[in-house]
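Worksheet: the structure to be examined is printed underneath.
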Amino acid sequence: MPAPIRAARGVRDVLPAERAAWSLVERAAHGAARRFGYQLIETPIIEPLELVERGVGEDTDVIAKEIYFVQPRQGSEQRLVLRPEATAGMVRAYFQNGLNQAPPPARLYTIGAMFRHDRPQAGRYREFHQLDVEAIGEASAALDAEVIELAAAWLRALGLEDWTLEVNSIGDGACRPAYLELLKAYYRPLRDQLGPDCQRRLETNPLRLLDCKEPQCQPLRERAPRIADHLCPECARAFVEVRSLLEAAGIPYRLNPYLVRGLDYYTRTVFEFQHRLLGGAQNSLAGGGRYDGLSEVIGYRPTPATGFAAGIERVVLTLQELGRLPAAEPAAELAVLADGPDLAAPVAEVARLARPAVRTLTDASPRSLGAKMRAAGRAGYRWVAILDAAEAERRVVRLRDMDSGQQRELRWEELPSLLGAEPSPAGVAG
Ligand code: HAM
């Protein structure tokens, strides 16, 4: 026998018990997004390498180290990748499908899988899922505050209150270039004290020196020039506005002058929601910001935009740490059990009659009725309907209320109205 094949490293199965928590998190996400007027959109998991590379930035970890290439069986002209994030694809979809023709902004959101080939650890996976929210087409700082408020509303709806929100402004094309020169001038004499990654970044992506987690690099940033002191009047004004809107919305935040984010497309406002329970370097629940330059680098008209993405796994993990996960609901409310052999057809018929009213599963296996009843007790079904050959002949079942233990005989046709005339929801998908 070949060795059992296991899943790829860094990916995980979400089993039914945990999936219930995901459903809760997703339902809350849909609810929050809709309450703010955002519409659901789906974009492909596979995108052209060029889109992601130009969108996210070639010198980011995401592109330099973590991108997954899709290898078609036959050579293809276009190099394809698994999306490491959704924003570049959302902007592409916005233009390609003419959403830019409608009055701005387009308020869009999606929930789906992203892929990054990073070293797996708790809270960091190679396949993970994001809620991604984007407001495309308007430069207003009010939209930065809006997406932050949406994220906060979602987390609060889930009972997550004690996150910290960090905000910063990293300027724009008008003020950042001069600041970057100052930053380089500060770090160049310190070059030998920097780690190898930062030595390289010093010339290619100096902003990233500020959020380097290496112990040898971190202390050096304290005396580095701060972008907040070098913003142009427009950026400074926008940042003041974002902060005052957050204050008006009752959203506490902390200024973090070192917050720069790991993707290259950001301008002006950047932010991150963190939670202490996630711990370590993976403490970010959500992150985002304004990215006014992205559309242009992927070949479309310059278009301001802002948004954020949150890790579904990390939100579920935090809820789990807090003991806030919902109990997994039983697979069904009613189980129809065969008491004897060759009863598959009547058992299926009873279940068919009951399903408009309650979630119903069947057991016509040859196991003993005792074993089936024990399994039903453990599974937490509310009712059990039992039938043997004679009862099938008479078209009746023994209906047992599993809480009270009361049992009564009733005709098959009576089942739906007795169990609840209202059709029960089909249950949360997944
Ligand atoms: P990001 O900071 O790269 O931003 O990712 C956002 C969130 O996704 C993180 O805060 C984290 O919760 C989750 N996440 C990222 N990588 C992993 C991983 N390997 N395993 C588990 N969770 C992970 C973006 O992706 C931007 N596209 C956000 C954005 C939208 N900016 C503007 N619009």
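Under the working numbering, residues -1 to 428 are what the sequence shown spells out, in order. We treat Cβ as the ideally placed atom computed from N, Cα and C, and that holds for glycine. Quick caveat: nothing in here was measured; it's all calculated off a predicted structure.
Environment of residue i [buried if 16+ CB atoms lie within 10 Å]
i	result
glutamate 45	buried
lysine 370	buried
alanine 349	buried
leucine 13	exposed
leucine 141	buried
methionine -1	exposed
tyrosine 3	Reading off the sequence, residue 3 comes out as isoleucine, not tyrosine. Per the 10 Å Cβ criterion, exposed.
glutamine 128	buried
glycine 171	exposed
proline 204	buried
proline 137	The residue you asked about is not proline; residue 137 is alanine in the sequence shown. Alanine 137 comes out buried.
glutamate 51	buried
aspartate 190	exposed
glutamine 272	buried
aspartate 227	exposed
leucine 408	exposed
tryptophan 410	buried
threonine 358	buried
phenylalanine 269	buried
aspartate 340	exposed
arginine 7	exposed
proline 302	buried
alanine 329	exposed
glutamate 132	buried
glutamate 331	buried
Length of the line joining the Cα atoms of residue i and residue j
i	j	result
valine 313	alanine 247	22 Å
serine 167	alanine 236	9 Å
arginine 33	isoleucine 65	34 Å
proline 421	glutamate 412	The pLDDT assigned to proline 421 is 43, lower than 50, so where the model puts this residue is not dependable; a value taken from the coordinates is nonetheless given after this. So the alpha carbons of these two residues sit roughly 14 Å apart.
isoleucine 146	leucine 317	20 Å
threonine 265	alanine 100	24 Å
proline 472	valine 89	Coverage of the chain is limited to positions -1 through 428, which leaves residue 472 absent and any answer about it impossible.
arginine 219	tyrosine 251	22 Å
glycine 309	leucine 148	15 Å
aspartate 57	glycine 260	10 Å
valine 60	serine 293	19 Å
alanine 427	histidine 28	Reliability fails at alanine 427, whose pLDDT of 36 lies under 50, so the model's placement of it is uncertain and the value that follows must be treated cautiously. Their backbone Cα atoms lie some 14 Å apart in a straight line.
methionine 400	glutamate 319	32 Å
glycine 297	tyrosine 177	26 Å
leucine 416	alanine 333	15 Å
leucine 181	arginine 299	30 Å
alanine 424	threonine 267	Low confidence applies here, because alanine 424 scores a pLDDT of 43, under 50, leaving its location unreliable; read the following figure in that light. Whole-angstrom Cα-Cα distance: 42 Å.
alanine 388	proline 414	22 Å
leucine 188	valine 258	20 Å
glutamate 311	glutamate 40	19 Å
glycine 135	glutamate 144	14 Å
alanine 419	leucine 163	Bear in mind that the predicted position of alanine 419 carries a pLDDT of just 48, short of 50, making it too unreliable to give a figure here.
glycine 291	valine 165	19 Å
tyrosine 92	glutamate 327	38 Å
aspartate 11	alanine 151	28 Å
leucine 244	valine 238	10 Å
glycine 35	arginine 114	30 Å
alanine 362	glutamate 347	12 Å
glycine 87	lysine 63	20 Å
glutamate 201	arginine 186	9 Å
arginine 380	asparagine 98	51 Å
alanine 434	glycine 193	With the chain represented from -1 up to 428, any question about residue 434 goes unanswered, as that position is not in the structure.
glutamate 24	glycine 285	17 Å
glutamate 83	glutamine 76	19 Å
aspartate 195	proline 70	32 Å
valine 9	glycine 375	34 Å
valine 295	leucine 49	9 Å
Identity of the residues DSSP links to residue i by a beta bridge
i	result
phenylalanine 112	According to the sequence shown, residue 112 is methionine rather than phenylalanine. Looking at the DSSP assignment, methionine 112 forms a beta bridge with Phe126.
glycine 287	Val268 and Gly305
glutamine 119	Arg122
isoleucine 384	Leu335 and Arg396
leucine 253	Val165
glutamate 407	Arg396
serine 282	Gln272
arginine 105	Ala133
Near the ligand GTP: residue i beta-carbon under 7 Å from a heavy atom
i	result
glutamate 319	Absence of the ligand GTP is noted for the structure shown, with the ligand HAM being the only ligands found.
Runs of beta strand (DSSP E) wholly within the segment 340 to 370 (minimum 3 residues, chain order): 358 to 361
If we require 3 or more residues per run, which beta strand (DSSP E) segments fall completely within the segment 127 to 212? 162 to 167
For a minimum of 4 consecutive residues, which ranges assigned as the alpha helix (DSSP H) are wholly contained in the segment 25 to 86? 47 to 54 and 59 to 62
Unbroken stretches of the alpha helix (DSSP H), 4 residues or longer, contained in the segment 212 to 246: 231 to 246
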